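As structure tokens, the structure follows; a few thoughts come after it.
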Amino acid sequence: MYMRRKFNLSILIPICLLAITSVITIYSAQTYIAKSSGNLALKQIFWYLLGAGLVAILIKLKNEYLYKNAWVLYVIGNILLLSLLLFAPEINSSKCWFVIPGIGSFQPSEFMKIFLMLILASMIHSFRTKYTAPTMTEEFIFILKTLIVVLIPSILTFLQPDTGCVIIYLIIYFVMMFTSGIRARWFIFAFLLISIFLGGTLFLYFFQEKSFIHLFGTKLYYRLERIFNWSSGNGLQLENSLAAIGSAGVYGHGFNKTPIYFPEAGTDFIFAVFASNFGLLGVFLLISLIIFFDTRIILLAQKKINDTDRYVLMGIVAMLVFQQIQNIGMTVGLVPITGITLPFISYGGSSLLSYMIIVGILINISFEKPRKYKYT
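Okay, so the sequence shown: first residue is 1065 according to this note's numbering, each after it adds one.
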């Protein structure tokens, strides 16, 4: 009983601290957020409270309910992604959100990340249960099936366009498949194929511009142009982000004192707001908290738990670590700007609710005793 409570606190305490950090930083970011957006800090509190309700529901249902209905959730997620392309309004040249009057926007791709983890974990579990020593042919068929499952939402999300989420889908896929125990030669083969494809694409982009645009269109060309421009340090977002962080010093400018404007202060560039307010010391504490939380998930995966739960945990770790590195890295100019938010910190109803679903899954895994799930 004591160990159960101890582990539960090691998940809940970091989430509570991240929630406090999120609300404080979003409040500070409101200096440069349009008044028409309303009080985002207050809205973030609402989303956290609603997320807490989701956690309570998931604890009641247990993870087995999610695994049994993984295909249903996956189909619903794809229907929503397709509906975005057909019916959603275009916002900032993208069709990523449904607009709900009086509430805000809803982004299905945030939940698709979780649905993919659930369906892949279920598929890997079923494959490992059926084949204790699979042949190369059996593994190839399995890989083909899982790849199709991932490519469907990836294509739909790419067309919105939302390249950042597509990258996260693929990272979740490769990490979960790597931990599934299939032969390493498949990953070597995949690496070679991806390298050839990327090499050819980049060759066309840099040396055959007209051919690239003819094959892939102007939208992909400008997306790649935006990615490659990051290395020059140009652009209002990056320049002002670096100036805000660099001028903060050890202790920062102080709470609610963000001296420099940059777009997306409450979402994509929330880390820059936090760093400018609380300085190097604040950044050290925040990153330490993030590392502690991620470490607890990794340690949970090393305990005696169900294989399905372990696969899901690997997907969760892959998603969180990538988003954390990508978001923080892009605010300091280390990686391209892709519009990926900082988990549990950036403002956003859909993203925060999806992360709170993950919290519910984590708590359930910490509670459950190892047993075989009854699903196929």
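Here a beta-carbon is modelled for each residue, glycine too, at the ideal position from N, C-alpha and C.
All of these numbers come straight from a predicted model, not from anything done at the bench.
Short of 7 angstroms in beta carbon distance, which residues of its chain neighbour residue 1114, apart from the five on each side in sequence? Order them along the chain. 1417
Helix, strand or coil for residue 1396 per DSSP? coil
Distance between beta carbons of residue 1282 and residue 1375, contact taken as under 8 angstroms: Not confirmed; about 39 angstroms, so no contact.
Might you give, ordered along the chain, the residues of its own chain that have their beta carbon closer than 6 angstroms to the beta carbon of residue 1195, omitting 5 neighbours on each side? 1202
Whole-angstrom Cβ separation of residue 1088 and residue 1333, contact assumed at under 8 angstroms? Going by Cβ atoms, the distance from residue 1088 to residue 1333 rounds to 16 angstroms, so no, they are not a contact pair.
At which residues does the alpha helix (DSSP H) containing residue 1170 begin and terminate? Run containing residue 1170: none in the alpha helix (DSSP H); it sits in the beta strand (DSSP E), 1168 to 1170.
Buried or exposed, going by whether 16 or more other CB atoms sit within 10 Å of the CB of residue 1322? buried
Classify residue 1155 as helix, strand or coil using the three-state DSSP reduction. strand
Using 10 angstroms around the beta-carbon of residue 1106, count the other beta-carbons present and answer buried if the total reaches 16, otherwise exposed. exposed
Let's test the definition: count the other Cβ atoms within 10 Å of the Cβ of residue 1415 and tell me whether it reaches 16, buried, or not, exposed. buried
Anyone know if the C-beta pair for residue 1224 and residue 1148 falls short of 8 angstroms? yes
Tell me which residues share the same chain as residue 1123 and place their Cβ nearer than 8 angstroms to its Cβ, disregarding the 5 neighbours each side in the sequence. 1424, 1427, 1428, 1431
Per DSSP, residue 1163 is paired with what? 1169
For a test of the three-state rule: what should DSSP assign to residue 1139, helix, strand or coil? helix
Taking the C-alpha atoms as reference points, what is the distance between residue 1067 and residue 1409? The predicted position of residue 1067 is uncertain, since its pLDDT is 42 and thus under 50; no value can be drawn from it.
Assuming residue 1407 and residue 1387 make a contact with CB atoms under 8 angstroms, what is their CB distance in whole Å? 5 angstroms
To the nearest angstrom, how far is the alpha carbon of residue 1164 from that of residue 1253? 44 angstroms
Using C-beta distances below 8 angstroms, list every residue in its chain close to residue 1160, excluding the 5 sequence neighbours before and after it, in chain order. 1148, 1152, 1171, 1173, 1224, 1226
Would you call residue 1209 buried or exposed, if buried means 16 or more other Cβ atoms sit within 10 Å of its Cβ? exposed
Secondary structure at residue 1098, three-state DSSP: helix, strand or coil? coil
Which residue spans inside the stretch 1216 to 1300 form an unbroken beta strand (DSSP E) run of at least 3? none
Cutting at 8 angstroms between CB atoms, please list the residues of its own chain near residue 1077, excluding the five before and the five after it. none
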